[in-house]
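**Q**
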Amino acid sequence: MAIIIDGKAIASEVRAEIREDVDQWVALGNAPPYLAVVLVGDNPASASYVRGKIKASQNVGIAGDTLTFDAMISEEKLLEVIEDLNSSPKVNGILVQLPLPNHINASCVIEAMDPNKDVDGLHTVNAGRLATDQTGFVPCTPAGIIELLHRSKIPTQGKHAVIIGRSNLVGRPLGNLLLQKVNNATVTICHSRTQNLPDICRQADILVAAIGLAEFVTRDMIKPGATVIDVGINRVDDPSTARGYYLTGDVDYQAATEVAGYITPVPGGVGPMTIAMLLKNTLMATKQQK
Ligand code: GUN
Numbered sequence: 030m031a032i033i034i035d036g037k038a039i040a041s042e043v044r045a046e047i048r049e050d051v052d053q054w055v056a057l058g059n060a061p062p063y064l065a066v067v068l069v070g071d072n073p074a075s076a077s078y079v080r081g082k083i084k085a086s087q088n089v090g091i092a093g094d095t096l097t098f099d100a101m102i103s104e105e106k107l108l109e110v111i112e113d114l115n116s117s118p119k120v121n122g123i124l125v126q127l128p129l130p131n132h133i134n135a136s137c138v139i140e141a142m143d144p145n146k147d148v149d150g151l152h153t154v155n156a157g158r159l160a161t162d163q164t165g166f167v168p169c170t171p172a173g174i175i176e177l178l179h180r181s182k183i184p185t186q187g188k189h190a191v192i193i194g195r196s197n198l199v200g201r202p203l204g205n206l207l208l209q210k211v212n213n214a215t216v217t218i219c220h221s222r223t224q225n226l227p228d229i230c231r232q233a234d235i236l237v238a239a240i241g242l243a244e245f246v247t248r249d250m251i252k253p254g255a256t257v258i259d260v261g262i263n264r265v266d267d268p269s270t271a272r273g274y275y276l277t278g279d280v281d282y283q284a285a286t287e288v289a290g291y292i293t294p295v296p297g298g299v300g301p302m303t304i305a306m307l308l309k310n311t312l313m314a315t316k317q318q319k
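Start counting the sequence shown at 30; every next residue gets the next number (our numbering).
As structure tokens, then:
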């Protein structure tokens with residue numbers, strides 16, 4: 030049976046450390062860090078993630094606000110909002126919750142952010158810094174996965190890490206992090222057109238599922254003893270539940286626990302770490318701007 034990586038407990042440890050750092054920062058006479066979260070439209074999952082981010086910020090002493098806009102907001106207006114946040118001295122970190130409505134070009138909005146306030150690490154300046162092994166903001170989910178591996182003492186050196194998913198938010202930055210000399214993994218990134226995907230997955234010492242397809246990774250795709258990191262949070266309709274849906278990951282969890290060495294649950298695995306790393310990035314941005 031796999032050892033469960035308790036992301037909730039590890040994130041709570043990380044948040045306690047950040048809380049101490051924030052307290053010290055404020056005790057030195059500085060204003061508390063300030064995070065502005067931009068939420069467009071009424072996607073219930075996005076609204077729920079944003080509530081979680083703001084609540085976690087407040088719990089460690091980071092001030093913050095959610096700027097909520099109707100789904101019909103124009104791209105031009107949204108760009109003005111970003112400009113205002115860039116030039117506001119009180120704002121240390123900006124996060125634009127994705128996805129944005131189809132009529133808005135998400136890349137344009139991300140590129141409009143001041144890279145030094147881009148606590149989500151999505152601006153090309155930060156993506157480029159990561160790709161070239163320079164210091165910058167690292168996207169929160171991949172940063173959280175690395176932290177989970179380190180704190181669970183799971184070795185990465187020389188190991189084969191297979192990532193399913195090539196997104197800018199998770200797959201690509203995680204590949205870059207695992208390649209860094211502190212991790213020294215051998216990285217394979219797979220996607221929807223990859224041939225022989227199950228064969229490649231079976232070679233993984235560390236298998237990361239970040240594709241957004243409920244229970245896509247089945248037992249036969251996992252090497253016995255492998256570490257399985259499940260990034261997915263999928264809502265599956267289920268009228269028998271009070272909410273009308275249940276949450277499940279990109280991995281068939283029950284079956285995977287019988288073959289994996291380590292596994293992250295959903296919820297309570299990667300998700301809480303994403304939020305913890307956002308807080309870390311916001312504090313880092315605040316200190317750098319001083
Ligand atoms: N949507 C889902 N995950 C994320 C995230 O980590 N950052 C942003 N900005 N949007 C998301």
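Here a beta-carbon is modelled for each residue, glycine too, at the ideal position from N, C-alpha and C.
Can you round the beta-carbon distance between residue 307 and residue 169 to whole angstroms, since I take them to be within the 8 angstroms contact cut?
**A** If you number the sequence shown from 1, residue 307 lands on position 278. If you number the sequence shown from 1, residue 169 lands on position 140. Yes, residue 307 and residue 169 are in contact; Cβ-Cβ is about 5 angstroms, under 8 angstroms.
**Q** On the criterion of 16 or more Cβ atoms from any shown chain inside 10 Å, does residue 101 qualify as buried, or is it exposed?
**A** For this step, residue 101 is matched to residue 72 along the sequence shown. So residue 101 ends up on the exposed side.
**Q** Would residue 274 and residue 280 be called neighbours here (beta carbons separated by less than 7 angstroms)?
**A** Position 245 of the sequence shown holds residue 274. Position 251 of the sequence shown holds residue 280. Result no, Cβ atoms of residue 274 and residue 280 do not sit closer than 7 angstroms.
**Q** How would you write the range of the alpha helix (DSSP H) that residue 238 sits in, first residue to last?
**A** As a working mapping, residue 238 is identified with position 209 in the sequence shown. Run containing residue 238: none in the alpha helix (DSSP H); it sits in the beta strand (DSSP E), 235-238.
**Q** Under the DSSP definition of a beta bridge, which residues are partnered with residue 137?
**A** Counted from its first residue, the sequence shown places residue 137 at position 108. Its beta-bridge partners do not exist; DSSP assigns none.
**Q** Write down every uninterrupted run of the beta strand (DSSP E) in the segment 182-236 whose length is 3 residues or greater and which is fully enclosed by it, in chain order.
**A** Qualifying beta strand (DSSP E) stretches, in chain order: 189-193, 215-219.
**Q** Does the beta-carbon of residue 159, which I'm using as the reference point, lie nearer than 6 angstroms to any heavy atom of ligand 1?
**A** Mapped onto the sequence shown, residue 159 falls at position 130. For ligand 1, not one heavy atom lies less than 6 angstroms from the Cβ of residue 159.
**Q** Just the Cα atoms here: how many angstroms apart are residue 238 and residue 154?
**A** Within the sequence shown, numbered from 1, the residue matching residue 238 stands at position 209. Within the sequence shown, numbered from 1, the residue matching residue 154 stands at position 125. About 26 angstroms.
**Q** Please state whether the Cβ-Cβ distance between residue 289 and residue 262 is less than 7 angstroms.
**A** Translated into positions along the sequence shown, residue 289 becomes position 260. Translated into positions along the sequence shown, residue 262 becomes position 233. No, they are not a contact pair.
**Q** Can you give me the Cβ contacts of residue 318 inside the same chain, cut-off strictly under 7 angstroms, excluding the 5 residues immediately before and after it?
**A** Against the sequence shown, residue 318 aligns to sequence position 289. Same-chain partners within the cutoff: 121, 145.
**Q** What residue range does the alpha helix (DSSP H) around residue 284 cover?
**A** By one-based count along the sequence shown, residue 284 stands at place 255. Here the alpha helix (DSSP H) through residue 284 covers 282-286.
**Q** Kindly indicate which residue of 86, 66, 294 has the alpha-carbon position closest to the one of residue 34.
**A** Taking the sequence shown and counting its residues from 1, the one referred to as residue 34 is at position 5. Selected option, being the one with the closest Cα: 294.
**Q** Verify whether the separation of the beta carbon atoms of residue 79 and residue 51 is less than 7 angstroms.
**A** The residue labelled residue 79 in the question sits at position 50 within the sequence shown. The residue labelled residue 51 in the question sits at position 22 within the sequence shown. No; because the gap between Cβ atoms is not below 7 angstroms, this pair is not in contact.
**Q** Where residue 255 and residue 233 are concerned, what is the direct C-alpha to C-alpha distance, given to the nearest angstrom?
**A** Position 226 of the sequence shown, counted from the first residue, corresponds to residue 255. Position 204 of the sequence shown, counted from the first residue, corresponds to residue 233. Cα to Cα, residue 255 sits roughly 7 angstroms from residue 233.
**Q** Within this structure, are the beta carbons of residue 94 and residue 141 separated by less than 7 angstroms?
**A** Along the sequence shown, one-based indexing puts residue 94 at 65. Along the sequence shown, one-based indexing puts residue 141 at 112. No. Outside cutoff.
**Q** For residue 286 and residue 258, I'd like the C-alpha separation in whole angstroms.
**A** For the purposes of this step, residue 286 is identified with residue 257 of the sequence shown, where counting begins at 1. For the purposes of this step, residue 258 is identified with residue 229 of the sequence shown, where counting begins at 1. Their backbone Cα atoms lie some 12 angstroms apart in a straight line.
**Q** Verify the contact flag: residue 169, CB atom, against every heavy atom of ligand 1, threshold strictly below 6 angstroms.
**A** What you label residue 169 is simply residue 140 of the sequence shown in a count that begins at 1. It does: the Cβ of residue 169 is within 6 angstroms (strictly closer) of some heavy atom of ligand 1.
**Q** Kindly indicate which three-state DSSP category residue 74 falls into: helix, strand or coil?
**A** Along the sequence shown, read from residue 1 onward, the residue named residue 74 stands at position 45. It is helical.
**Q** Comparing the CB of residue 206 with every heavy atom of ligand 1, is any distance shorter than 6 angstroms?
**A** Residue 206 sits at position 177 when you count from the first residue of the sequence shown. Residue 206 Cβ: outside cutoff for every heavy atom of ligand 1.
**Q** Measure the alpha-carbon distance for residue 236 versus residue 176 and round it to whole angstroms.
**A** Start at 1 with the first residue of the sequence shown, and residue 236 comes out as number 207. Start at 1 with the first residue of the sequence shown, and residue 176 comes out as number 147. Cα-Cα distance, rounded: 16 angstroms.
**Q** Take residue 205 and list the residues in its own chain whose beta-carbon comes closer than 7 angstroms to its own, dropping the five residues that flank it on each side.
**A** Counting from one through the sequence shown, the residue named residue 205 turns up at place 176. Closer than 7 angstroms at the Cβ level, and outside the excluded window around residue 205, lie 159, 160.
**Q** Using the Cβ count rule (16 or more neighbours within 10 Å means buried), how would you classify residue 56?
**A** Sequence index remark: in the sequence shown, residue 56 carries index 27 (1-based). By the neighbour-count rule (16 or more Cβ atoms within 10 Å), residue 56 is not buried but exposed.
**Q** With residue 216 and residue 193 assumed to form a contact (beta carbons below 8 angstroms), what rounded beta-carbon distance in angstroms separates them?
**A** By one-based count along the sequence shown, residue 216 stands at place 187. By one-based count along the sequence shown, residue 193 stands at place 164. About 12 angstroms separates the two Cβ atoms, so there is no contact after all.
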